[in-house]
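Input: a single structure, listed below in structure tokens.
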Amino acid sequence: MSGHDSKYFSTTKKGEIPELKEELNSQYKDKRKDAVKKVIAAMTVGKDVSSLFTDVVNCMQTENLELKKLVYLYLINYAKSQPDLAILAVNTFVKDSQDPNPLIRALAVRTMGCIRVDKITEYLCDPLQRCLKDDDPYVRKTAAICVAKLYDINAELVEDRGFLEALKDLISDNNPMVVANAVAALAEIQDSSARPIFEITSHTLSKLLTALNECTEWGQVFILDSLSKYKAADVREAENIVERVTPRLQHANCAVVLSAVKIILLQMELITSTDVVRNLCKKMAPPLVTLLSAEPEIQYVALRNINLIVQKRPTILAHEIKVFFCKYNDPIYVKMEKLEIMIKLASDRNIDQVLLEFKEYATEVDVDFVRKAVRAIGRCAIKLERAAERCISVLLELIKIKVNYVVQEAIIVIKDIFRRYPNTYESIIATLCESLDTLDEPEAKASMIWIIGEYAERIDNADELLESFLETFPEEPALVQLQLLTATVKLFLKKPTEGPQQMIQAVLNNATVETDNPDLRDRAYIYWRLLSTDPEAAKDVVLAEKPVISDDSNQLDSSLLDDLLANISTLSSVYHKPPEAFVSRVKTAPRADDEEFADAAETGYSESPSQGVDGASPSSSAGTSSHVPVMQPPATPAPMPDLLGDLMGMDNSIISAQLVRRDGQIFYDISFDNGTQAVLDGFMIQFNKNTFGVAAGGPLQVPPMQPGASARSLLPMVAFQNISPGAPNSLLQVAVKNNQQPVWYFNDKIPMHVFFGEDGKMERTSFLEAWKSLPDDNEFSKEFAASVISSIDATIEHLAASNVFFIAKRKNANKDVLYMSAKIPRGIPFLIELTAAVGVPGVKCAVKTPNKEMVALFFEAMESLLK
Amino acid sequence: MAGAVSALFLLDIKGRVLVWRDYRGDVSALQAERFFTKLLDKEGDSESHSPVVYDDAGVTYMFIQHNNVFLLTASRQNCNAASILLFLHRVVDVFKHYFEELEEESLRDNFVVVYELLDEMMDFGYPQYTEAKILSEFIKTDAYRMEVSQRPPMAVTNAVSWRSEGIRYKKNEVFLDVVESVNILVNSNGQIVRSDVVGALKMRTYLSGMPECKLGLNDRVLLEAQGRATKGKAIDLDDIKFHQCVRLARFENDRTISFIPPDGSFDLMTYRLSTQVSLLLVIYSYWMLKIPEMHYLVPLFSCLSLFDVLKVKPLIWVEAQIEKHSRSRIELMVKARSQFKERSTATNVEIEVPVPSDSTNPNIRTSMGSAAYAPERDAMVWKVKSFPGGKEYMCRAEFSLPSITAEEAAPEKKAPIRVKFEIPYFTVSGIQVRYLKIIEKSGYQALPWVRYITMAGEYELRLT
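Here the protein sequences line up with chains A and B, keeping their order. The letter at position 750 of the first sequence is residue 750 when you use full-length UniProt numbering, and the numbering goes up by one with no holes. The letter at position 374 of the second sequence is residue 374 when you use full-length UniProt numbering, and the numbering goes up by one with no holes.
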């Protein structure tokens, strides 16, 4: 089935565009079709054929599907450059979206969504509405994706027209492919929105798990990837999810397998039964190994992911190291990753075999790979104490081969081994010294010099060796010069004889007078001063015992690792970087950047942003609200520099803000005082990740502010969305900007009591049960010395207003004991016992909660409530 | 984590755009082209660069190469890398189905269909549909194009997305090939570093309607669950992967392999056996072949000492002695031994022994088959058409070497000896198809045909 389309690429001598124009308007169908093909061919090779817009669009009304597709393709490419003419196509689109043939209906919505012209977008809404409810699943699945397209162009429109709801309805569609595409679209929309739009509930969960069994392989990937955001409510649910996902490990599609592994690993966090966990690990190993029989590109992705997985759960592949041995024909990028994993899996049990492999690799031809293999031997030596000696003997064998770069690499790693096991393997120094004159790379040279200096007392001819390096001192790179300097000082301190004395004079002279490298000069002066004032002190400093180094092959810290594991199979896991590091969060980022840049250029105050940041950063106040004086130059968009600008530059703008809870909803109560001489508008706000996952639930609505005016806004907030890992703290970092001024940054505190829910009231019995069921080490208490309870009833009422609910009270001696409960989302309860004597300062607060980490924040909140 | 690609490029060998499809309008073709050509220039060959690269402008490029064409995606999001790279391979498969071969020429010749396919296979940067056979029902090349407007086949959105309804055959037949590839890596000291077997059940179906198939294997887990005597007849498969037509949940539940097959050829399942297991099984099938009536002998071996007593035997063992006489000539003596039973025969055996790249004047003698110098592979290739079990053949060769060399000669590539062979009617694993039931509502009788073959996969023996 071979076509002959290449003929369309050929051109005639007569002006091409006029000729095409003529043909496009021909009365013969076939000629028109050929002409459109020629236009597309020209477009393909990058010629500008946008001037034919009207003529091509005229061909759009056709029964011929192929021709229609070509015209649509043309439209996608050129509509943006001819937005006014693009309107011409709308009628046909709308008509096509009602065609009896589902293929054409789908084609019409699909294409309309790709035309990123505002005017067209409005006309897209009605057809899209219809197509989302189409009888044919092929049309519905196309329409589902189209909602995401529209959201990308005009999010507001999508929300206003209720497309999000329609999309959510599609999750219950009876066709699995439609479900999968709806999930993909919703997940994308969620990614670009701060509000919760697509949250998987236990109800949707079961629908997704059912669709998983029936949709195409790509659809399965969408569903699995969206499930990775779902946090199971309890162990049972986690086990259930795992059970439903595990069969996917048998799928022939590697992406399905990797995404299934991701879900299982995530849910395993919740599962406590060691048997279940062990069993799951056993189940995951074979599919992971089989990924290494896939195409090399996929192997690469798999290996990058396995690298993460073995860091988290080393047991899974502990016995499979052999599958990571390199094959002769593996591409180099696969070999490099395999090597990395071999180091991670190397253990006392398999090290002999691993070393044999490394040795084999070290004699291959690819220089980078060989170097990495040599380095790998060194890293194993550092990691496995009992194998160190064997590693070193392999390194020595390699040095004897006398391949220049192998020798140099070996010396570099041997230096590390010496640092890891001081005073153990010095006997090999003699062998190392044999290769002295072949060293030409700075790092290798520096390593060798370090070794000589460090062990100067055991090397008889250390002075001669160093002297040979000294001849070329001025020409050496800084790295080597620094080492030479230090090594000479060490030698002198260890053997204060005449030879070294002269050497040190020469070196210090060289390193102070004849260099322009400040690091080197400073170090030389320090040594000089030390040596001339107190040689004993110099010994203490220069010959001090160095801390022992450790293996760095498990280098990712655990919170980053967890972050990456939640992103298995994605680019994030390939780069070993969190998505934020390489994805601009707002999808229209490139455009926005341009605008910002343009703004800055217009104002003519190019340095003002940094000033603003310095002036406003980071001041935090102890209370629950922050008052931030913001010093701003009057960055009015005046085309000419304002002569008064410098005088007026210290105007004060003030932002004060506070988190509050009203009617069960959390708001950021924020007010602005415009202390500048300009109208401020276009306010925007952004919150950094924080313990409670507090983020803006919508855009900040502040009207343009006249100079001297103030404004106040209640910004609805969402919580527990994008939680920052690490120990809980109440820090809330906020950035506010407007169109006139650079970004203001400030720190606020999150008062925990805003999260106390209306559902926090407990019955007496359940309170007692809960209190008893929690172990005693979950109980904490604290004195609020400054708090006074003047009336029990008033206190109860006051606390109830903040959703701390009264349960019971009793008298104990002269003190009153109050029992209360509160609850923050995610079902974390606080069982509270307040002890105080009425009217006497000092309230003792005891609390029991399953979540110990939150206790400190809880006390903070209670103390502020009792003030 | 949602993530879609922004555009898909088909580039020529120099990295110039042949055809591209912009899915999201947020990357530029010019930039992509510039970035990629620079990458190619810098690296020399594409092999050396990882298939996922990030440029500073926030765009990730992922690519694969096929013949003289690069398939490249550009993305600004955190997309699913495994899924996208696999998708690119599927795109290649689809193009191959359409144009027989995917290369620069065939893309130019069919750019209209290429655009149509790119539109159908991916939407807004999300992979949609890659079943070549079904796609070709509604996207046709010129020769087959009909004026009547086509409709999307039901299969595109059906739960059974790989098979169309209304297929008819006069004679209903199924061919099942059990193909096992033996991968082995032997160290220069003769020690087996790793060996595994990758098996595939390759099916060709010519069946009418919507047939329900059920496949029975001598799978130990299944047989034990059914309470049948296993008597060493059953096998353990390490990792099984199924074509998407197989109901995975059902397999997970009761180990039944049930499916509605696609039309034509496909890989129904693949499996893998790792070293220790295949060790047992080599021996096992070895016995089975010789004395099939003496099954009871097998349990005798099933004690722990098995590992010590019986060493793994690669099916074909090759030893090479290479003697380099200073810089004048090199002498090779290669011994090949078949270590399986006499009643089996390996066919198309090909043994590739590396020789220095500047060798000349080959002088080769063999005791069986023929050997020749293949300078383009820097190797001597020895071919034996038929190699019965339990035999040993020899090959001697002598090459001249130039007496002078460049002073700083690059180190010689240390290529291993590589072996290719096929052994029909034989599997290493001992896998057996117990039955293949085909039920269709019209009630026709279908004939299943089963064949077994073992072949060399990556069969490498390192040289000292």
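Even glycine gets a Cβ: it sits at the ideal position worked out from N, Cα and C.
Taking 7 Å as the line, does the beta carbon of residue 565 (chain A) fall inside it for any heavy atom of the ligand PLP? In the structure on display, the ligand PLP does not appear, and there are no ligands present to speak of.
Report the rounded CA-to-CA distance for residue 48 (chain A) versus residue 42 (chain A), giving the unit in angstroms. Residue 48 (chain A) sits at position 48 when you count from the first residue of the first sequence. Residue 42 (chain A) sits at position 42 when you count from the first residue of the first sequence. The straight-line gap from Cα to Cα measures roughly 8 Å.
At the level of alpha carbons, what is the spacing between residue 655 (chain A) and residue 749 (chain A)? The count along the first sequence starts at 1 and reaches residue 655 (chain A) at position 655. The count along the first sequence starts at 1 and reaches residue 749 (chain A) at position 749. Near 15 Å, if we compare the C-alpha coordinates of residue 749 (chain A) and residue 655 (chain A).
Within the 8 Å Cβ cut-off, does residue 118 (chain A) reach chain B? Position 118 of the first sequence, counted from the first residue, corresponds to residue 118 (chain A). No, residue 118 (chain A) lies away from the interface with chain B (no Cβ there is under 8 Å from its Cβ).
Residue 326 (chain B) classed as buried or exposed, judged by whether at least 16 other C-beta atoms fall within 10 angstroms: In the second sequence, residue 326 (chain B) corresponds to position 326, counting from 1. Residue 326 (chain B) should be labelled exposed.
DSSP on residue 204 (chain B), reduced to helix/strand/coil? One-based indexing of the second sequence puts residue 204 (chain B) at position 204. Strand at residue 204 (chain B).
Within 8 Å of any Cβ in chain B, is that where the Cβ of residue 4 (chain A) sits? In the first sequence, counting from the first residue as 1, residue 4 (chain A) sits at position 4. Chain B contact via Cβ: present.
My output table needs one value for residue 213 (chain A): the three-state DSSP class, helix, strand or coil. Taking the first residue of the first sequence as 1, we reach residue 213 (chain A) at position 213. Note: residue 213 (chain A) maps to coil in three-state DSSP.
Integer-rounded CB distance, given that residue 861 (chain A) should sit under 8 Å from residue 751 (chain A): Residue numbering aside, residue 751 (chain A) sits at position 751 when the first sequence is read from its first letter. Residue numbering aside, residue 861 (chain A) sits at position 861 when the first sequence is read from its first letter. Correct: roughly 6 Å between the Cβ atoms.
Cβ of residue 38 (chain B) within 8 Å of any chain D Cβ: Among the protein chains of the structure shown, namely A and B, there is no chain D.
Tell me which residue opens and which closes the beta strand (DSSP E) that residue 93 (chain B) is part of. The count along the second sequence starts at 1 and reaches residue 93 (chain B) at position 93. Premise fails: residue 93 (chain B) lies in the alpha helix (DSSP H), 81-99, not in any beta strand (DSSP E).
Strictly under 8 Å for the Cβ-Cβ distance: is residue 225 (chain A) near chain B by that measure? Reading the first sequence from its first residue, position 225 is the one you call residue 225 (chain A). Interface residue, yes.
Looking only at its own chain, which residues have a Cβ that is under 7 Å from the Cβ of residue 868 (chain A), when we skip the five neighbours before and after it? The question about residue 868 (chain A) has no answer, for chain A in this structure spans 1 to 867.
Secondary structure at residue 691 (chain A), three-state DSSP: helix, strand or coil? As a working note, residue 691 (chain A) is residue 691 in the first sequence. In the structure shown, residue 691 (chain A) sits in coil (DSSP, three-state: anything other than H, G, I, E or B).
Just to check my reading of the structure: residue 428 (chain B) and residue 197 (chain B) have Cβ atoms closer than 8 Å, yes? What is that Cβ distance to the nearest angstrom? Against the second sequence, residue 428 (chain B) aligns to sequence position 428. Against the second sequence, residue 197 (chain B) aligns to sequence position 197. Contact holds; Cβ gap of about 5 Å.
At a Cβ threshold of 8 Å, is residue 595 (chain A) touching chain B? Numbered from 1 along the first sequence, position 595 holds the residue referred to as residue 595 (chain A). The predicted model places residue 595 (chain A) with a pLDDT of 37, which falls under 50 and marks its position as unreliable, so this point remains unresolved.
Nearest candidate by alpha-carbon position, reference residue 338 (chain A), set A:323, A:68, A:60 and A:497: Here residue 338 (chain A) is taken as the residue at index 338 of the first sequence, counted from 1. The residue with the shortest Cα to Cα distance from residue 338 (chain A) is A:323.
For residue 15 (chain B) and residue 37 (chain B), what's the separation of their Cα atoms in angstroms? Here residue 15 (chain B) refers to the residue found at position 15 of the second sequence. Here residue 37 (chain B) refers to the residue found at position 37 of the second sequence. Straight-line Cα distance between these residues: approximately 5 Å.
Please classify residue 43 (chain A): does DSSP put it in a helix, a strand, or coil? Translated into positions along the first sequence, residue 43 (chain A) becomes position 43. Residue state, collapsed to three classes: helix.
Taking 8 Å as the CB-CB limit, is residue 175 (chain A) close to chain B? For the purposes of this step, residue 175 (chain A) is taken as the residue at position 175 of the first sequence. Chain B contact via Cβ: present.
How far does the alpha helix (DSSP H) with residue 869 (chain A) in it extend, from its first residue to its last? Outside the displayed range of chain A (1 to 867) lies residue 869 (chain A), so it cannot be described from this structure.
Answer yes or no: do residue 111 (chain B) and residue 216 (chain A) have a C-beta to C-beta separation smaller than 8 Å? Sequence index remark: in the second sequence, residue 111 (chain B) carries index 111 (1-based). Sequence index remark: in the first sequence, residue 216 (chain A) carries index 216 (1-based). In this structure, residue 216 (chain A) does not lie closer than 8 Å to residue 111 (chain B) by Cβ.
Expressed to the nearest angstrom, what Euclidean distance is found between the alpha-carbon atoms of residue 373 (chain A) and residue 359 (chain A)? The count along the first sequence starts at 1 and reaches residue 373 (chain A) at position 373. The count along the first sequence starts at 1 and reaches residue 359 (chain A) at position 359. Cα to Cα, the separation comes out at about 8 Å.
Please work out which residues of its chain come closer than 7 Å, Cβ to Cβ, to residue 210 (chain A), disregarding the five sequence neighbours upstream and downstream, and give them in chain order. Reading the first sequence from its first residue, position 210 is the one you call residue 210 (chain A). So the list is empty, once near-sequence residues are dropped.
Going by the beta-carbon positions, is the gap between residue 770 (chain A) and residue 866 (chain A) smaller than 8 Å? If you number the first sequence from 1, residue 770 (chain A) lands on position 770. If you number the first sequence from 1, residue 866 (chain A) lands on position 866. No, they are not a contact pair.
Length of the line joining the Cα atoms of residue 816 (chain A) and residue 558 (chain A): In the first sequence, counting from the first residue as 1, residue 816 (chain A) sits at position 816. In the first sequence, counting from the first residue as 1, residue 558 (chain A) sits at position 558. Those two C-alpha atoms are separated by around 46 Å.
Per DSSP, which residues does residue 198 (chain B) bridge with? Please list them. If you number the second sequence from 1, residue 198 (chain B) lands on position 198. B:181 and B:272.
Boundaries (first-last residue) of the alpha helix (DSSP H) holding residue 259 (chain A): Working through the first sequence from its first residue, we reach residue 259 (chain A) at position 259. Where residue 259 (chain A) is concerned, the enclosing alpha helix (DSSP H) stretches over 254-268.
Checking contacts by CB at 8 Å: is residue 31 (chain B) closer than that to chain A? Start at 1 with the first residue of the second sequence, and residue 31 (chain B) comes out as number 31. With its beta carbon at least 8 Å from every one in chain A, residue 31 (chain B) lies outside the interface.
Give me the Cα-Cα distance between residue 773 (chain A) and residue 311 (chain A), rounded to the nearest whole angstrom. If you number the first sequence from 1, residue 773 (chain A) lands on position 773. If you number the first sequence from 1, residue 311 (chain A) lands on position 311. Near 35 Å, if we compare the C-alpha coordinates of residue 311 (chain A) and residue 773 (chain A).
Anything in the region 237-271 of chain A with a Cβ closer than 9 Å to a Cβ of chain B? List those residues in chain order, please. Close to chain B, meaning a Cβ-Cβ distance shorter than 9 Å, are the following residues of the region 237-271 of chain A: 243, 244, 246, 247, 248, 249, 250, 251, 252, 253, 254, 255, 256, 257, 258 and 259.
Identify whether residue 441 (chain B) lies in helix, strand or coil by the three-state DSSP scheme. Along the second sequence, read from residue 1 onward, the residue named residue 441 (chain B) stands at position 441. If DSSP states are grouped into helix, strand and coil, residue 441 (chain B) belongs with coil.
Thinking just about the alpha-carbon of each residue, which of A:716, A:362, A:297 and A:699 is nearest to the one in residue 330 (chain A)? Along the first sequence, one-based indexing puts residue 330 (chain A) at 330. The option with the nearest alpha carbon to residue 330 (chain A) is A:297.
Alpha-carbon spacing of residue 39 (chain A) relative to residue 61 (chain A), whole angstroms: As a first step, residue 39 (chain A) must be located in the first sequence, where it is residue number 39. As a first step, residue 61 (chain A) must be located in the first sequence, where it is residue number 61. In this structure, the CA atom of residue 39 (chain A) is about 17 Å from the CA atom of residue 61 (chain A).
Our contact map puts residue 309 (chain A) next to residue 280 (chain A) with C-beta atoms below 8 Å; I'd like the distance itself, whole angstroms only. If you number the first sequence from 1, residue 309 (chain A) lands on position 309. If you number the first sequence from 1, residue 280 (chain A) lands on position 280. With 8 Å as the limit, residue 309 (chain A) and residue 280 (chain A) do not qualify as a contact, their Cβ atoms being about 12 Å apart.
May I ask you to report which of helix, strand or coil DSSP gives residue 671 (chain A)? In the first sequence, the residue the question calls residue 671 (chain A) occupies position 671. Strand at residue 671 (chain A).
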